[in-house]
Amino acid sequence: MSRIINLDPMNANQATFKDGWDVYRIAALDDPYPVWAAIREESPVLDAGGGVFFVSAFELANEALRHPAVRAGSGVAESFGATEGPVYDVATSWLMSLDGEEHQRARGLVQREFTSKRVEALRPFIDAAADRLAREFATACVEQPSDLVPALAFALPSEVIRSLFAIDADEWQRDVVPLIAPTGEPATDPTRADAPAPGAAVAALAEYFRRRIERGGDAGGLLAQLRVADPESGRLSDRAVIANAVLLVTAAIDTTTGLVANTVACLLSHPDQLARVRAHPELVVGVVEETLRFEPPALSCSRTTVEPITLGGVAIPAGSHLLFCIGAANRDPDRFTEPDRFDVERPVERGAETLSFGGGRHFCLGAALARLEAQVAVRALLEHAPDIALHEPIAWRKDSPTVRAPARLVVSRAGRC
Ligand code: HEM
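Quick note: the sequence shown uses the working numbering, first residue 5, plus one each step.
Structure, rendered in structure tokens:
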């Protein structure tokens, strides 16, 4: 069955979801939330056609993410169009595409490096890096309006992951940053002759890590630690080490860049809330949590059903794709009071968990690190540049099917530029 959904509420153009994966087009709207509300209201579990079902209600998404017949999706390899080669190897070997015992074992081996103790031990490094970057940015803004995305939102998580991998700063800048840095362009036109092939960055990163393993000498870095055997679960194959190294670089930096930028964007778009946080800096924890709910950097994740299931009264055949609309579930009025209100002092509601880091067995392994980085970055920014304001309307990214974040966030310092 195919559905008619109004994709652009501003000009009332109707768009048909011939293939349910068209959902990714919603992510590119300047304001996708009215469309998701319409989808959720039409049916919290919507048969979107092409074997794809959107799950947009919070409780149903939470339930389905933990359902034994709902397994890791093959969506990523498929979306890259890869059936063999380095991109296929990565997208079928990283944690996100594994299930059952194989996933548990591999997750245990990767997770060793991201325990709360390990993350807390990174705090002094993150504090120092954020302080330096925020101070430099605050100074630059005195001279002229400046883009926060490259200067702080990207620079901080990039620096944290570089240091975890113990990669020399010049090498990181030369070999890795060009593959992962935000372009500053709101849209990448895939029809352009020079547009990168889908998955090109994944393939290049895999090749980079393969060469590093070949070269040896990663002692103390994350790549070497991923290769250390556990007495009980053994060790990851080199293919899995490379795949998860690529996952850690891509999943950790792009999304955390989004969280830092979205948090600042939300505050600057809600001056009353910004004033509260300026007066009470301890609210920064609530600011990051509310941003995760209100403007989540990862808008969706997907799974496949291995048996027929019934969800919210809807029969879903085996082999269907479930597309969890995180952005919709996080604003489900059955779960959150006044869901479209950004409220940094929102009381904890029923555990207050959002779906921003996923749920169930694949729950984000870097959630604690991402939260810490965003809290520290925003605190440092408000300390060094308490008078920042939006200099131009936010230009949202349109180049990613899942990551929602500003492509550019140009700010100025009130009265100084
Ligand atoms: C705000 C920042 C972040 C957001 C919004 C985010 C979001 C997510 C989501 C939604 C998932 C679940 C995907 C699924 O179920 O298919 C996930 C998984 C994952 N994330 Fe994050 N992430 C963030 C930061 C990080 C960081 C900093 C790291 C690493 C240091 C990381 C590493 C991972 C890994 C390894 C997985 C796969 C876990 C598994 O499959 O078992 N993420 N993330």
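Cβ atoms here follow ideal geometry from the backbone N, Cα and C, with glycine treated the same way.
DSSP state of residue i mapped onto helix, strand, coil
{"i": "V310", "result": "coil"}
{"i": "D135", "result": "helix"}
{"i": "W400", "result": "strand"}
{"i": "P390", "result": "coil"}
{"i": "P48", "result": "coil"}
{"i": "R297", "result": "helix"}
{"i": "L126", "result": "coil"}
{"i": "D35", "result": "coil"}
{"i": "V348", "result": "coil"}
{"i": "S416", "result": "strand"}
{"i": "I320", "result": "strand"}
{"i": "V74", "result": "strand"}
{"i": "H284", "result": "coil"}
{"i": "S237", "result": "coil"}
{"i": "D151", "result": "strand"}
{"i": "A411", "result": "strand"}
{"i": "I368", "result": "Looking at the sequence provided, one finds Cys at residue 368 rather than Ile. The answer is coil: DSSP assigns C368 none of H, G, I, E or B."}
{"i": "F84", "result": "coil"}
{"i": "S120", "result": "helix"}
{"i": "S162", "result": "helix"}
{"i": "A170", "result": "coil"}
{"i": "S97", "result": "helix"}
{"i": "G203", "result": "coil"}
Beta-carbon spacing of residue i, residue j below 7 Å
{"i": "L156", "j": "L137", "result": "yes"}
{"i": "G112", "j": "S241", "result": "no"}
{"i": "L296", "j": "T358", "result": "yes"}
{"i": "A223", "j": "L413", "result": "no"}
{"i": "F57", "j": "V49", "result": "yes"}
{"i": "T309", "j": "A319", "result": "no"}
{"i": "H395", "j": "P38", "result": "no"}
{"i": "C329", "j": "S360", "result": "no"}
{"i": "L64", "j": "G221", "result": "no"}
{"i": "G362", "j": "P301", "result": "no"}
{"i": "T267", "j": "V232", "result": "no"}
{"i": "A393", "j": "A418", "result": "yes"}
{"i": "R444", "j": "V74", "result": "Limits of the chain in this structure are 5 at one end and 421 at the other, which puts residue 444 out of reach."}
{"i": "L168", "j": "A134", "result": "no"}
{"i": "A173", "j": "V91", "result": "no"}
{"i": "A68", "j": "V59", "result": "yes"}
{"i": "V114", "j": "N248", "result": "yes"}
{"i": "M40", "j": "G331", "result": "Here the sequence assigns Trp to residue 40, which means Met is not the residue at that position. It is a contact, given that the beta carbons lie within the stated cut-off."}
Whole-number beta carbon distance between residue j and residue i, since they are thought to touch under 8 Å
{"i": "I246", "j": "V94", "result": "7 Å"}
{"i": "V380", "j": "I184", "result": "Contact flag wrong, Cβ pair sits at about 21 Å."}
{"i": "W98", "j": "V250", "result": "7 Å"}
{"i": "F158", "j": "A389", "result": "That pair is no contact at about 17 Å."}
{"i": "V382", "j": "C145", "result": "In fact, because the Cβ distance is near 15 Å, the residues do not count as touching under 8 Å."}
{"i": "V281", "j": "L271", "result": "6 Å"}
{"i": "T260", "j": "A374", "result": "5 Å"}
{"i": "R335", "j": "D344", "result": "6 Å"}
{"i": "R216", "j": "L227", "result": "6 Å"}
{"i": "G444", "j": "A76", "result": "No answer is possible for residue 444: it lies beyond the span of the chain, which begins at 5 and ends at 421."}
{"i": "F181", "j": "Y212", "result": "Before going further, note that residue 181 is Val rather than Phe in the sequence given. So it is not a contact: roughly 12 Å between Cβ atoms."}
Buried/exposed call for residue i, threshold 16 Cβ in 10 Å
{"i": "S404", "result": "buried"}
{"i": "Q108", "result": "exposed"}
{"i": "E294", "result": "buried"}
{"i": "S120", "result": "exposed"}
{"i": "A411", "result": "buried"}
{"i": "F367", "result": "exposed"}
{"i": "E299", "result": "buried"}
{"i": "T341", "result": "exposed"}
{"i": "G364", "result": "exposed"}
{"i": "R70", "result": "exposed"}
{"i": "T406", "result": "buried"}
{"i": "P154", "result": "buried"}
{"i": "R401", "result": "buried"}
{"i": "E377", "result": "buried"}
{"i": "G89", "result": "exposed"}
{"i": "H274", "result": "buried"}
{"i": "A191", "result": "Caution is warranted here: a pLDDT of 48 is assigned to A191, below 50, making its placement in the model unreliable, and no coordinate value can be reported."}
{"i": "H325", "result": "buried"}
{"i": "G104", "result": "exposed"}
{"i": "R116", "result": "exposed"}
{"i": "P128", "result": "exposed"}
{"i": "A283", "result": "exposed"}
Enclosing beta strand (DSSP E) for residue i [first to last residue]
{"i": "F57", "result": "56-59"}
{"i": "V407", "result": "No beta strand (DSSP E) contains V407, which DSSP labels as neither H nor E."}
{"i": "H107", "result": "Unbroken run through H107 is the alpha helix (DSSP H), 104-115; no beta strand (DSSP E)."}
Boundaries (first-last residue) of the alpha helix (DSSP H) holding residue i
{"i": "V268", "result": "242-273"}
{"i": "L326", "result": "Here L326 belongs to no alpha helix (DSSP H); instead the beta strand (DSSP E) covers 325-329."}
{"i": "Q229", "result": "226-230"}
{"i": "N66", "result": "62-69"}
Check: residue i C-beta below 6 Å from any heavy atom of ligand 3
{"i": "G221", "result": "You won't find ligand 3 in this model; what it holds is ligand 1."}
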